[in-house]
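Peer 1:
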Amino acid sequence: MTSNSKALQDQDQEQDSSAAKHAIMRTLGEDSISSHVAKQETRQGVKEDKGHMIQAIVKQAGHCEIPNSMVHETTEKIDNMKWMIKAQMKIKRIVDNIEQYLKDYTMIILKVDETIDGYLWEDTRKALRLLSCMAGALIITTTRSTHQAKEYCCRQWEPIDCSLVGLYHATVLKLTSQKMQQDNCNPQLSRDILDNCDPHEFCMKMFARALYSKPTRSYEELYNLCTTLQAVSPKSLSSIAQKMIKFSYNDLPKEYKSCLLYLAIFPQGHRVRRSTLIGRWVVEGLITTEDWSWPSSVDKAERCFEMLINRWLIYPVDIGVTGGIKSCMVGDLVYEFITTIAKKQRTVQIRLSHHLARHFSISNDLRLCGSDTVSSFLKKLSESSQFSLLKVLDLETCKCFGGKIKHYLKDICCKILLLKYLSLRRTDVTHLPKEINNLHELARTPTG
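Our numbering applies: residue 202 is where the sequence shown begins, and numbers increase by one.
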């Protein structure tokens, strides 16, 4: 290789290098890539050294032409580098714009749907790291999967679950934390139960209330409940609710179960006074104590009432000024549950229509037609002895004691001598006859 040809080759290389620089400058702009050019010039010394080595090899191997395939491959690599540099510059401009808008703010809130691609999220995470002004990011996701939500968090953090299931799960964990520490119970089990209740808040509340009333439930109980809920199909409110109500009902004391079923004698949606309910439970013999005294039986009935309220099997309706519950009601789903059981156990008298059953004892041999009313019942008192064994007669709101029929109350006092409970609240009775003293078993006579 002659000295003239070497000089020409060096000159061509300088021209190619200069041309490459000018091409890149035209593509990206001088101001945008000045730092890139500086780096290229810094590396030029290394390239020149490599060039001398290549020239030495060429001298030894003899003169040969560069293959077209190598030229094509090199051109492709240059084009790829151009594309990557453009992409990076575009991201840099976007980051600069975001920082300009954020200024002194230190948090970014992102809403992520549950179908976001993993690679897309990684790109988003990397982009957030480019923001020098950001101290943290709050990610809001609509996914129902806690496992998927964890993928959006830093490794040392746990997702904050603000879903309805998450809120109830936090409540359940507080109620059962001590029990779980003792038995090494898996908190995921209660989460699975709540997930099976979703989106029915009534069922979640029923579960939380059951644990509130009895937090020391065994692992087997919760596992069996979870398995039962998973098998429910379809996942309707009614089908899941019946399982949750049964879960809460099953471990009630036997007397408390009877007291709940007793509410089936009232019409659906009927408000029942607390004092009325407790009094009737006692006189019907559903609540008993060892000494059979009225005060101790009432105390026990009060505890039963509170238990049913706590488990959400009955709802408070009227609240007094001191915070006490004055009346309650059975919800539709619970009412459906207890009426089914009450009919099987004959707690509800199928011979009486619903508008009559609530006025009488649950244990009676009354034969009244569906068209009969309380007034027709009172008319028959003086003619029939079939009512003599009644223990409960609730005439609340009945307006059938005025004018010429004032004698009905006297008939009651003379014919139903075993009465233990007689309610005349909100009736048109103005005074009690002296015959009331015939009712020696009478424990309660609400008249207010």
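Glycine included, every Cβ here is placed at the ideal spot set by N, Cα and C.
Do the region 429-441 and the region 508-528 meet, that is, are 3 or more Cβ pairs less than 8 Å apart?
Peer 2: With a cut-off of 8 Å, the region 508-528 and the region 429-441 do not count as touching, because too few Cβ pairs lie within range.
Peer 1: Under 8 Å by Cβ, that's how I've got LEU332 and GLU300 pegged, so tell me the actual separation to the nearest angstrom.
Peer 2: Contact holds; Cβ gap of about 6 Å.
Peer 1: With DSSP as the reference, label PHE561 as helix, strand or coil.
Peer 2: Correct three-state label for PHE561: strand.
Peer 1: Skipping 5 residues on each side, what residues in its chain have a beta carbon closer than 6 Å to that of THR372?
Peer 2: Result list for THR372: ALA409, in chain order.
Peer 1: In angstroms, rounded to a whole number, what distance separates the CA positions of ARG547 and TYR536?
Peer 2: If I take the Cα positions, the gap works out to 15 Å.
Peer 1: Inspect the CB distances between the region 450-468 and the region 582-595 and report whether three or more fall short of 8 Å.
Peer 2: No contact exists between the region 450-468 and the region 582-595.
Peer 1: Whole-angstrom Cβ separation of ILE637 and CYS601, contact assumed at under 8 Å?
Peer 2: Incorrect: roughly 17 Å between the Cβ atoms, too far for contact.
Peer 1: Taking 8 Å as the cut-off, decide whether the C-beta atoms of PHE403 and LEU534 are in contact.
Peer 2: Yes, the Cβ-Cβ distance between PHE403 and LEU534 is below 8 Å.
Peer 1: If you compare alpha carbons, which of PHE506, VAL296, TYR609 is closest to SER576?
Peer 2: Among PHE506, VAL296, TYR609, the Cα nearest to that of SER576 is on TYR609.
Peer 1: THR598 and LEU623 - do their beta-carbons sit closer together than 8 Å?
Peer 2: It is not a contact, given that the beta carbons lie outside the stated cut-off.
Peer 1: Buried or exposed for TYR369, please, with buried defined as at least 16 other CB atoms from any protein chain shown within 10 angstroms of its CB.
Peer 2: Result: buried.
Peer 1: Does GLY363 come out as helix, strand or coil in the three-state DSSP assignment?
Peer 2: Residue 363 is actually Cys in this sequence, not Gly. CYS363: coil per DSSP, three-state reduction.
Peer 1: Short check: CB of SER589 to CB of LEU618, under 8 Å?
Peer 2: Yes, they are a contact pair.
Peer 1: PRO388 lies in the alpha helix (DSSP H); which residues open and close that run?
Peer 2: Where PRO388 is concerned, the enclosing alpha helix (DSSP H) stretches over 388-398.
Peer 1: For ASN425, which of GLN443, LEU390, ASP396 has the nearest alpha-carbon?
Peer 2: The option with the nearest alpha carbon to ASN425 is LEU390.
Peer 1: Nearest by alpha-carbon distance to HIS401: which of THR429, LEU423, TYR420, MET445 is it?
Peer 2: Looking at the Cα atoms, MET445 is the closest of the given residues.
Peer 1: Would LEU374 and PRO416 be called neighbours here (beta carbons separated by less than 8 Å)?
Peer 2: Going by C-beta atoms, LEU374 is not nearer than 8 Å to PRO416.
Peer 1: So, LYS470 versus MET407, is the Cβ gap smaller than 8 Å?
Peer 2: Note on identity: in this sequence residue 470 is Gly, with Lys being the wrong assignment. Cβ atoms of GLY470 and MET407: not closer than 8 Å.
Peer 1: Between ARG330 and MET285, what straight-line distance do the alpha-carbon atoms span, to the nearest angstrom?
Peer 2: The alpha-carbon atoms of ARG330 and MET285 are separated by roughly 19 Å.
Peer 1: To the nearest angstrom, how far is the alpha carbon of SER476 from that of ASN387?
Peer 2: Distance between the alpha carbons of SER476 and ASN387 is about 42 Å.
Peer 1: Hey, how far is the Cα of ALA465 from the Cα of VAL473?
Peer 2: Spanning the two alpha carbons is a distance of roughly 12 Å.
Peer 1: Determine the direct distance from the alpha carbon of PRO268 to that of ILE652, and round the result to whole angstroms.
Peer 2: The structure shown has nothing for residue 652, since the chain only spans 202 to 649.
Peer 1: Which word fits CYS505, buried or exposed, when buried means at least 16 other C-beta atoms lie within 10 angstroms of its C-beta?
Peer 2: Buried, because 16 or more other Cβ atoms sit within 10 Å of the Cβ of CYS505.
Peer 1: Could you check what DSSP says for SER583 in three-state terms: helix, strand or coil?
Peer 2: Coil at SER583, not helix or strand.
Peer 1: Where does LEU453 fall in DSSP's three states?
Peer 2: Three-state result, LEU453: coil.
Peer 1: Which same chain residues, not among the five before or five after ILE441, have their C-beta less than 8 Å away from its C-beta?
Peer 2: Here the set comprises ASN397, CYS398, HIS401, CYS404, LEU430, VAL433.
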